[in-house]
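**Q**
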Amino acid sequence: MKKFLFILYLLLIGCNKESKGLTVENKEVIEPATYDTTAIDSFSAGATSTDVARQILMSSQRYQDSLRNMAEKRKEEQRLQEVKTQEKKPLKQENTDNKSLPTAVKTEGEHQ
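Start counting the sequence shown at -15; every next residue gets the next number (the numbering used here).
(1) What are the boundary residues of the alpha helix (DSSP H) that includes T18?
(2) How is the alpha helix (DSSP H) around S43 delimited, first residue to last?
(3) Only counting the same chain, and skipping five residues up and downstream in sequence, which positions put a Cβ closer than 6 Å to that of Q45?
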């Protein structure tokens, strides 16, 4: 009987809910940082400073072409916007003129 009570006591202590020592929540999980670039030694032969890299990018023909295309698109959009506003002004005047015109009224005697 003493052995049974002793085993029952150990079982109750072992299955206690307050065991916080081995849970994953308390352990700090350190994940390695993921980078999309590779570290390059700044003193190596192939290293370039960020200022030099930016100057190379800005002087490239493709970059200059894209800037030129964006400026042309912006000018075209402004021109279209001006045309739309000019077209809307006369339409508003025509609508006000049409309101002043008399409209035909059907009488009870007329049939189609």
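Heads up, the beta-carbon is just placed ideally off N, CA and C, and yes, glycines get one too.
**A** From the atom records:
(1) Within the sequence shown, numbered from 1, the residue matching residue 18 stands at position 34. Under the DSSP assignment, T18 falls outside any alpha helix (DSSP H); it carries neither an H nor an E label.
(2) Against the sequence shown, residue 43 aligns to sequence position 59. S43 -> alpha helix (DSSP H) spans T34 to S43.
(3) Counting from one through the sequence shown, the residue named residue 45 turns up at place 61. Nothing meets the Cβ criterion.
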